[in-house]
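Okay, structure first, notes after.
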Amino acid sequence: MTMIAGTDPRTGDALPPVAEITSADQVDALARAADDVAAAFASLSRGTRAEILDAIADEVERRRSDLIETASRETGFGEVKLGGELTRTAFQFRFFADVLREGSYLEATIDPAAETPMGPRPDLRRILTSIGAVAVFGASNFPFAFSVLGGDTASALAAGSPVIVKAHGSHPATSQLSYEILKSVLDASAAPEGVIGIVFGTQGGARLVAHPAIKAVGFTGSLSGGKALLEIIGGREEPIPFYGELSSLNPVIITPGAATERGADIGTGLVTSFTVGSGQLCTKPGFVLVPTGEAGDRLIEAARDALAAAQGHVLLNERIFTTYTEETATLDGRADLRALKAPADSGTGFAVTPMLFETTLDELDHTIVHEVFGPVAVIARYNPEKTEEAAAQVFDTFPSSLTATLHVSDGESTLVSALTTLASARAGRIVFDGFPTGVAVSWAQTHGGPWPSTNSLHTSVGATAIRRFIRPITYQNAPEAVLPEELRDGYTAIPRRIDGELRAAVR
Ligand code: NAP
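Residue numbering for the sequence shown follows the working numbering, beginning at 127 and increasing consecutively.
Okay, here's the thing in C-alpha cells:
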C-alpha cells in the first residue's frame, strides 16, 4: 500500500501520510460515477447551482483557519499570502454564482421560423450546455485559488459539470481537506452523489485523463506536465479539450519617459512583484527592459536597495528548489550578467536567496531567458533612442506570455501605440503602469494567452472561464416542453438574442 504524503518545505521533512494512491479501478469508478450523474447535475436549475456555489464559499470561509494551517505546513507560504488566496477562492465561488444568476453566459438565442432570402428557415433555439465530467489538475503554487477549490472547479461546477480533482503531490492534505469541504456541501444539496471525486497519485491522474467518461481537462501547472497530459489526450479514441495554463515569462518594458518620471518607484515595485509568493506566480515579471542612462540607473539602484531589504524565501518543493538553485547558479557564473542579490538565505529546507541579473540587450544571450519559478528576474538595458526596436526584439524572440507590462509616460503616445500593438500579439493581458502579479476575478478578466502561456483561446480566470466547460446545442422546431426554460417563449429573466436583436433581461 503506497501512501501519499507532503513535505514541509521549511525543513525538508516528510509530513504524515494523507491518503493511499488511488488504484486504476478506483479512478475508473470515479470517472464512471461522474459520467452517470452528469445529465442530472446539468439539469439542476441555475438558481440551485448558484446556491451550491454560495454554500461552498460559506464553508470555505468557515474552515478558513484549518485550510490555512494545513496549506502553510505543506507549502511554506505564510498567513498573509494564504489568507488573501482563501478570500479570493471564496469570492470566486460567489462570483460564479452571480454569473449563473445573470445568465448571459448561456448565449440564449432564438431565430423564429421565417421566410428569408435564402428560403424558409425553421425555428432554431441555441444555448450553451455542460460539456460533461471534467478532470481538474491544480498547481503547486496556488493551493486554494488554482487547486481543488480553484477557478477550474468553480467554473466547471457552475457550468453543470461533475469534477474529479487530481490532488497535487505538493499539497495532498490541503487537497483532501478542500475535497471534503466540496463533498460536504454537495452531499447536503440537491446535487446527485458522484458530482465530486478526488484522485491521488501521478499515474491515477494520467489514467483519469485517458478515461472515456472525462470530457475536458482543466490544468494549471508546468509546460512539461501539460505536454505529457496532451500526449495522453492524443492517444484517446475521443479527443477532448485540454485547457492548460502553463508557462509565462511576462516581459516588462520601461520606456525612457517612465524611467525619467518615476524610475525609483518602478525599481522598488519590480522587486516586490518578482518576489511576491516567493516568485512562484505564473504572472511573475521574469524579464525587464530598462533604458540605459541615468534614469535607468536610478531604477536599478532602487531595485538594488529593495533587494537588500528582501527577506529569504522558501520554495514549494524539492523540484522547484533544485531547478531554481541550478538555474541561478548558471546565471551567476556568466561574465555577461551582473548579479544583484538579497542577503543570503537561512540555508534550511527549500530556502533561497532572491536575485536580479542585469545585462544589456546587445549582449543578451536569449537562451538564458525562460520562466524560472522562484524570486529571480533578468533586466536588459537598451538604447533609449530605440525603444520600439528593443521591444520588437523581445516580443519576436521570447515565447508568448499571459501578460505584457508597459511602463509609459504621457508624452509618448506614438511609442505607446506601437508598443501596445507589439504586446497585443504576444500576451493575453496588457498591464499599463503597474505590475502583472495580482489577477482580479471579474467579468472582463483574461488569464490566458498564446502558446506556451496557455494552449487555448480561453481564460482560466473571470466570468468567461465557464466557456471552457460548456458546448453549444441548437434545438430545431422543438416542442416547447423539451426546451430548457431559458429558450421558451416569454422567458425574460436573462439577456437573449431574438431574431438577431439582443434583448436585455426583464426580471
Ligand atoms: P506540475 O509539476 O506540472 O504539476 C501540476 C499537476 O500535474 C500535478 O498534479 C502533477 O502531478 C501533474 N502532472 C505533472 N506531470 C504529469 C505527468 N507527466 N503525468 C501525469 N500528471 C502529471 O506543475 P506545478 O509545479 O504544480 O506548477 C508550476 C507551474 O505552473 C509553473 O510553470 C507555472 O507557470 C504554472 N502555473 C501557471 C498558471 C497559469 O494560470 N497559467 C498558474 C499557476 C501556475 P503530481 O503532483 O502527482 O506530480
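Just so you know, even glycine gets a beta-carbon here, dropped at the ideal spot from N, CA and C.
- Here S586 is actually not in contact with E233; their C-beta atoms are around 20 angstroms apart, not less than 8 angstroms.
- The Cβ-Cβ distance between I253 and E627 does not fall below 9 angstroms.
- When the beta-carbon positions are compared, V397 and L463 stay at least 9 angstroms from each other.
- At least one heavy atom of the ligand NAP is found less than 8 angstroms from the C-beta of E497.
- In this structure, A261 lies away from V144, with their beta-carbon atoms at least 9 angstroms apart.
- For L441, the shortest separation between its Cβ and any heavy atom of the ligand NAP does not lie below 8 angstroms.
- By the CB criterion at 9 angstroms, P382 and T513 fall inside the cutoff.
- The Cβ neighbour count for G330, taken over all protein chains shown within 10 Å, is at least 16; the residue is labelled buried.
- Across the structure, T137 and T474 are spaced so that their CA atoms are roughly 6 angstroms apart.
- Residues of the same chain with a CB within less than 7 angstroms of the CB of P365, apart from the 5 flanking positions on each side, are I359 in chain order.
- Residue pairing from DSSP places M481 in a beta bridge opposite K467 and V502.
- Excluding five sequence positions before and after T255, the CB atoms of its chain that fall closer than 7 angstroms to its own CB belong to A168, I596, R597 and I599, given in chain order.
- The three-state secondary structure of G405, taken from DSSP, is helix.
- Looking at T451, T418 and G537, the one whose alpha-carbon comes closest to that of N509 is T418.
- Within the DSSP secondary-structure output, L415 pairs in a beta bridge with I379 and A506.
- If you draw a straight line from the Cα of A570 to the Cα of A336, it is about 33 angstroms long.
- When C-beta atoms of the stretch 400–420 are compared with those of the stretch 493–507, three or more pairs fall below 8 angstroms, so the two segments count as touching.
- Contact check for F272 against T346 passes: the beta carbons are separated by less than 9 angstroms.
- Not one heavy atom of the ligand NAP is found less than 8 angstroms from the C-beta of H337.
- Looking from the CA of A299, the closest CA among P142, E185 and L226 belongs to P142.
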